[in-house]
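These notes are about the structure you will find just below.
Numbering (this note's numbering), first residue to last: 1448 to 1689.
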């Protein structure tokens, strides 16, 4: 749960993060803008899939309150039983996907007296939803939560998941929404962004090799793909990085 008494004043820059989430905005919802500055439709509760493009912006209002359910990799697929490719670089109103029950949950969250009550209501909802899920856990669901996922080859991951490389790619795409290669690049890029945010004086060449890139051009390629700009053009001061 995140609360802000005073709004951002200026739009916050959103960088792509390796995650899939269910968002609730019990009070005023933020106003997102695409990379061109065009307003994007917002909902008071929404499903957000894996994003691979950034530099979108978010204007946060006064009295902002956001409750986010962050799923383990593959967890949202098991909840929805829908290939996550449908949500890649996209978001949908939660009720349009999950039905009226999530709308009721949103209303209960708005009227809750404490964060503890919000968490309790949400846990009850998720347990009910998962009990109805027809998606069984597979070895890949364990592999997806490994901390060394970024450094493993596709063949190594496939062996750990007890499937062929082709089957692993298919199962991965269903659960995450992007290919294993893209996801691994996102994991490394997220490390770059956090390191730069926490250490503004650190030289880019040092960040390059610390995060396992071959050379600065290798990092530059990922930076431009995932944010649409070069490092000097990215607004780290107003960026949301975690």
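Every residue, glycine too, gets a C-beta built ideally from N, C-alpha and C.
Sorting 1586, 1630, 1492 by C-alpha distance to the C-alpha of residue 1498 places 1630 at the top.
Annotated as distal: residue 1484 and residue 1538, with beta-carbon spacing of 8 Å or more. In the three-state reduction of the DSSP assignment, residue 1686 falls in the strand class, which pools E and B. Here residue 1579 carries a coil assignment [DSSP, helix/strand/coil]. For residue 1515, the closest of 1627, 1569, 1577, 1527 by C-alpha to C-alpha distance is 1569. Bounds of the beta strand (DSSP E) holding residue 1515 are 1511-1517. Comparing C-alpha distances from residue 1463 to each of 1592, 1504, 1557, 1488 shows the shortest one belongs to 1504.
For residue 1502 against residue 1675, the beta-carbon gap comes to about 5 Å, under 8 Å, which counts as contact. For residue 1474, there is no enclosing alpha helix (DSSP H), since its DSSP letter is neither H nor E.
One thing to note: residue 1524 has its Cβ no nearer than 8 Å to the Cβ of residue 1475. Of 1566, 1591, 1608, 1477, the smallest CA-CA separation from residue 1522 is found for 1591.
Excluding residues up to 5 positions away in sequence, 1683, 1686, 1688 lie with their Cβ nearer than 8 Å to the Cβ of residue 1644 in the same chain. Boundaries of the beta strand (DSSP E) around residue 1505: 1503-1506.
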